[in-house]
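Number of protein chains: 2
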Amino acid sequence: MPAVKPFDLSVYVITDNRLSGGRSAGEVVTEAIAGGATCIQLRDKELFTREYFYLAEQIRELTLEKGVTFIINDHVDVAIAVKADGVHLGEDDLPAVAARRIMPPHMILGVTARNLQQALQFQEVGASYLGVGAVFPTATKDNTGQPIGLEGLAEICCEVKIPVVGIGGINASKAGSVILAGARGVAVVSAVVSVPDIAGATREVAGAVKEAHRQRRS
Amino acid sequence: MPAVKPFDLSVYVITDNRLSGGRSAGEVVTEAIAGGATCIQLRDKELFTREYFYLAEQIRELTLEKGVTFIINDHVDVAIAVKADGVHLGEDDLPAVAARRIMPPHMILGVTARNLQQALQFQEVGASYLGVGAVFPTATKDNTGQPIGLEGLAEICCEVKIPVVGIGGINASKAGSVILAGARGVAVVSAVVSVPDIAGATREVAGAVKEAHRQRRS
C-alpha cells in the first residue's frame, strides 16, 4: 500500500460550477474554508483541460495557504501537475488501478464506491479513501441509482480498512448520522455550495460532524 | 532536452469520431495503417475519460502490433497509463511546460503552433515535434484563424530544430508541397478518415509524401 500523507476528510466540500449561482470556484472555496472545510474537491466536467488546469493552480494556492487537503476530480494529469494532495475518480473517470500505477505513491487516491463489492475492490487496488453513496437521495448527480442508506454505509465502513466519506444528499441535519454510521467524513455539494451563506452552511455541517465524532469516541 | 525514441511523423493520421461516418476508431486506424500511416493520433473530445482510456488501450495494441507511432490527444494521464508513444497538446489542453514536467522523459510531446513565436516557445519548453498550421483553409477545427500558408510553414521549418508536421486542409494533392516547404510529415484528418476508402486515401497521401521527400533529397 502506498504511504500517503495524513489527510483530514471530515468536512469534505465538493465544488460544482453549475450549482454555485455564478460564484467562482475561488469564492466558493474561500468561503467553505472559512466555514471549516477540511478538504476541497474541485469538480468541473465542462471546462477544457487548459482552463481547469489554471483554476486548479489557483485553488492549490488557496488550500495550501490554509492547510486544507486539495483533491482534483477526474484529471490525474492536472492533479500531478499542480501538486494537488490527491485525485478523486468516479465511474466515468480513469480506472483506479490505472491511476494508481501512474500517480506518485504519496498522492491520495479517492474512488467512488456504490456497494461493498466495489469498496473492497478499490481498497485492493490502492485507494486511499472511498467516497461511498449515494447515502441519501440526491439531485446533484444523475444515475446514481438507489441510495444505499445509513445501513449500506455502515456495512461498508465496517468491512474496509481505509477511511470512508459518505456522499449524496447530506446536509447539516444528516451529517451526524453519517459519522455515527462509521464514516470518517461527509462530502457535501449542494447543501453548501448552492446556498447564499457558504461559510455558514459549512460551519453547521462542521459542527455536526465534530459533535458526532465526539459522541463516537465517548 | 529529453531523449525520446525515434519516431516517424511522415504520414500522420488523426482520428475524428465526428467525421468517420459511424466507423469505429479501431476500424479507421486499421485502415489507415494498411494504407501506410506511420503515426496515429487518437482524438476524441466527447468521450468521458473512462471510455477514452479503454479506446486508447485498444489502439495502443493495434499500433504496437504494426510498429506505428501512437499519440494521444489531450489526456496526458491516459497517454502515460496506456504507454502511448506520446501526447499531442492543442491550445485547450494542458500547457506544454506543465505536461513536460509530469511526462516520462522518453515520451514524445507534440504541440500545436500557429506562428513562429509559439513554435520557438514550445521548442524551448521541450516539445519533441510541432504540429504547425492551419497550412490551408480547413473546416475540421473551429477558430484556427487565418491559414499560415506554405510560406508561413516554410519559415517555421527553417527556424526550429525539432521536426514539424503540417496540418490543416492537407490532402494527397497538397501533401507534396507541405514536405517541400520543409515539413517532416503531413497530418491529415478529413481527407483520410471521412472518405469511404480510408486505406486508399492514406496510400495516396503516403505516396505523395514519399515522392516529395525523394525530391527534397535529390
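These protein sequence lines map, in sequence, to chains E and R.
For the first sequence, the positions run 0 to 217 when numbering that gives the first Met the number 0 is used.
For the second sequence, the positions run 0 to 217 when numbering that gives the first Met the number 0 is used.
Ideal Cβ positions, reconstructed from N, Cα and C, are used throughout, including at glycine.
Assignment of A112(E) by DSSP, reduced to helix, strand and coil, places it in the strand class. Taking C-beta atoms as the reference points, H87(R) and Q40(R) count as a pair closer than 7 Å.
When the alpha-carbon of T37(R) is set against those of Y11(R), Y53(R) and G168(R), the nearest one is in Y11(R). I58(R) and F47(R) do not touch by the CB rule: their CB atoms are close to 17 Å apart, not below 8 Å.
Our two residues, T201(E) and A118(E), have alpha carbons roughly 27 Å apart in a direct line.
For the segment 64-83 of chain E, the set of residues with a beta-carbon nearer than 9 Å to any beta-carbon of chain R comprises D73, H74, V75, D76, V77, A78, I79, A80 and V81, in chain order. Your pair F6(E) and D73(E) does not check out as a contact, with CB atoms roughly 19 Å apart and the cut at 8 Å.
The segment 181-194 of chain E makes contact with the segment 126-138 of chain E: 3 or more CB pairs, one atom from each, lie closer than 8 Å. Distances from the alpha-carbon of V192(E) to those of Q145(E), T62(E), G34(E) and A2(E) put G34(E) closest. At a cut-off of 7 Å between beta-carbon atoms, L54(E) makes no contact with chain R. DSSP places T14(E) in the coil class of the three-state scheme, outside both helix and strand. Against chain E, the CB of F121(R) has no partner CB under 7 Å away; the residue lies outside that interface. When only Cα atoms are considered, S127(R) and S9(R) end up about 14 Å apart. Among the residues facing chain E, I101(R) is included, as its CB has a counterpart in that chain under 7 Å away. For C38(E), DSSP records a beta bridge to Y11(E) and T68(E). Taking 7 Å as the cut-off, the beta carbon of A31(R) is found closer than this to the beta carbon of I197(R). Burial check for Q122(R): the Cβ neighbour count within 10 Å reaches 16 or more, so the residue is buried. Under the Cβ criterion of 7 Å, L93(R) is counted among the residues facing chain E.
Annotation for A186(E): the continuous beta strand (DSSP E) segment containing it runs G184 to V187.
Taking each of V81(E), I178(E) and S217(E) in turn and checking the Cα distance to A205(E), the smallest one comes out for I178(E). Chain R has no Cβ within less than 7 Å of the Cβ of R17(E).
Of the residues assessed, G168(E) falls on the buried side of the cut-off, its CB having 16 or more other CB atoms within 10 angstroms. Under DSSP, Y53(R) forms no beta bridge with any residue. Taking a Cβ-Cβ threshold of 8 Å, the residues of chain E close to R49(R) are E90, D91, D92, L93 and P94, in chain order. Remark: C-beta atoms of A207(R) and G175(R) approach each other more closely than 7 Å.
In this structure, the CA atom of Y51(R) is about 8 Å from the CA atom of D43(R).
With 16 or more other CB atoms across the displayed protein chains lying within 10 angstroms of its CB, R99(R) is buried.
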